[in-house]
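One point on numbering: in the working numbering, the residue at position 113 of the sequence shown is 211, and numbering is uninterrupted. Cβ atoms here follow ideal geometry from the backbone N, Cα and C, with glycine treated the same way. Reviewing the structure listed below.
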Amino acid sequence: MMYIKAFVVGGIICIIGQLLMDKTKLMPGRIMVLFVSSGAILTLFGLYGPLVDFAGAGATVPIVGFGYALGKGAMEAVQLSGFIGAFTGGLKATAGGLTAAILFGYLASIIFNPKAKE
């Protein structure tokens, strides 16, 4: 049942992104910033945590989940370190994912031969 919940919630997040691309003049980069910011803001108000508990990876894997991880890490670090944790907590919480993205992107660029469109 967890797979179905993850599929449905992740699919709804993707549908929202596709509708924003099709029905508005927002560029993909702005939609990405909107999603990351939305994840952080929803985490701040305690609204995204229950969705993560319900859908698991369906809510944490999309880009909104990155905002959730940033917000959650910053809030936990503020409780431990005070004000400075607001700046360091999000980076500590997402460092592994960012490192993996950079590493695998680099490896893919070495293995494959990308060509520019003409």
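Does residue i come out as helix, strand or coil in the three-state DSSP assignment?
i: L145; result: coil
i: A160; result: For clarity, residue 160 is Pro in the given sequence; the question names Ala instead. DSSP places P160 in coil when its eight states are reduced to three.
i: F210; result: coil
i: M99; result: coil
i: T122; result: coil
i: I111; result: helix
In whole angstroms, what is the alpha-carbon distance linking residue i and residue j?
i: G156; j: K213; result: 33 Å
i: I182; j: G188; result: 11 Å
i: I110; j: P160; result: 11 Å
i: A104; j: P148; result: 13 Å
i: A153; j: M100; result: 7 Å
i: G165; j: Q177; result: 19 Å
Using only CA atoms, which one of the options lies nearest to residue i?
i: K170; options: V159, A153, Y146, P160; result: Y146
i: L168; options: F133, K215, A206, Y204; result: F133
i: I139; options: M173, G154, G109; result: M173
i: G115; options: A104, R128, T197, F105; result: R128
i: T141; options: C112, A153, G163, K121; result: G163
Mind checking residue i: buried by the 16 CB within 10 Å criterion, or exposed?
i: F210; result: exposed
i: G108; result: buried
i: T197; result: exposed
i: V150; result: buried
i: L199; result: As written in the sequence, residue 199 is Ala, which differs from the Leu given in the question. Exposed, since its Cβ has fewer than 16 Cβ neighbours within 10 Å.
i: A175; result: buried
i: G203; result: exposed
i: A193; result: exposed
i: A191; result: buried
i: G137; result: buried
Given the structure, does residue i come close to the ligand SAH, in the sense that its CB is under 7 Å from one of the ligand's heavy atoms?
i: G108; result: What this structure holds is no ligand at all, so the ligand SAH is not there to describe.
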